[in-house]
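Trainee: First the structure, then my questions, so here it is.
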Amino acid sequence: MSSPLRTPSGDAFAEFAILVIRLAGHLTLEGDRLAQPSGQTSARWQVLAAARHATMSVADAARALGLARQGVQRIADLLEADGLLAYRQNPAHQRAKLMTLTPKGEAALTEITARQAVWANQLGAEMGEERLRQATALITEIVTLVGERRSSS
């Protein structure tokens with residue numbers, strides 16, 4: 001059986017997807033660079049930020065971040081062992097404890113966020129707010145479309 005040929009719009013989407021994957025890799029490396037002075041990584045930063053953003057369980061954070069629950073659990077446990085995160089009882093679910101930042105975790109996240117603001121401001125100025133908002137709208141639309149197709153199959 002021969003493979004179907006891609007259409008021009010299919011080619012455009014494939015090129016877009018490859019670039020988004022490359023961008024994700026670059027952003028992870030930059031995130032590691034921004035988090036490193038605080039003794040953190042991009043992955044640890046994401047979990048700290050999720051815990052600051054809202055009271056949530058590990059499973060909630062994994063869904064919000066688009067990551068596997070087991071990976072987020074491993075990182076959250078390491079953050080707890082390092083005194084950056086604490087678990088507390090969840091009134092809605094006996095086994096799924098809620099994550100909360102400790103003062104040490106809050107301090108680390110504040111440092112990282114300050115470094116990230118300088119970096120984001122520089123890139124934002126180079127790219128322009130309007131272009132970035134248009135790109136954000138397009139990527140949001142694609143994330144929604146891909147998510148809908150994944151959940152319907």
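Position 36 of the sequence shown, counted from 1, bears residue number 36 in UniProt numbering, the numbering being contiguous throughout.
Every residue gets a Cβ at the ideal spot worked out from N, C-alpha and C, and that includes glycine.
All values reported here derive from a predicted model rather than from experimental measurement.
1. In the DSSP assignment, find the beta strand (DSSP E) that holds L101 and state where it starts and stops.
2. Is the segment 100-107 touching the segment 12-28, taking contact as three or more C-beta pairs under 8 Å?
3. Do you know offhand how far Q94's Cα is from S57's?
4. Buried or exposed for V118, going by 16 or more other Cβ atoms inside 10 Å?
5. Just grab the DSSP bridge partners of M56 for me.
6. When the Cα atoms are used, what is the spatial distance from L34 to R115?
7. Within 10 Å of its beta-carbon, does S147 have 16 or more other beta-carbons around it, so buried, or fewer, so exposed?
8. So, do the segment 41-55 and the segment 65-75 have three or more beta carbon pairs nearer to each other than 8 Å?
9. Check each candidate in A54, A81, Q36 and name the one with the smallest Cα separation from I112.
10. By DSSP's criteria, A86 is part of a beta bridge. Which residues make up the other side?
11. Report buried or exposed for Q40, applying the criterion of at least 16 other Cβ atoms within 10 angstroms of its Cβ.
12. Under the rule that 16 or more other beta-carbon atoms within 10 Å means buried, what is A135, buried or exposed?
Mentor: Answer, in terms of the structure:
1. DSSP places L101 in the uninterrupted beta strand (DSSP E) bounded by 98-101.
2. no
3. 11 Å
4. exposed
5. Beta-bridge partners of M56 (DSSP): M99.
6. 6 Å
7. Strictly speaking, residue 147 in this sequence is Gly, with Ser absent from that position. It is exposed - the Cβ of G147 has fewer than 16 other Cβ atoms within 10 Å.
8. Yes, the segment 41-55 is in contact with the segment 65-75.
9. Q36
10. T100
11. Answer is buried; the Cβ neighbour count reaches 16.
12. exposed
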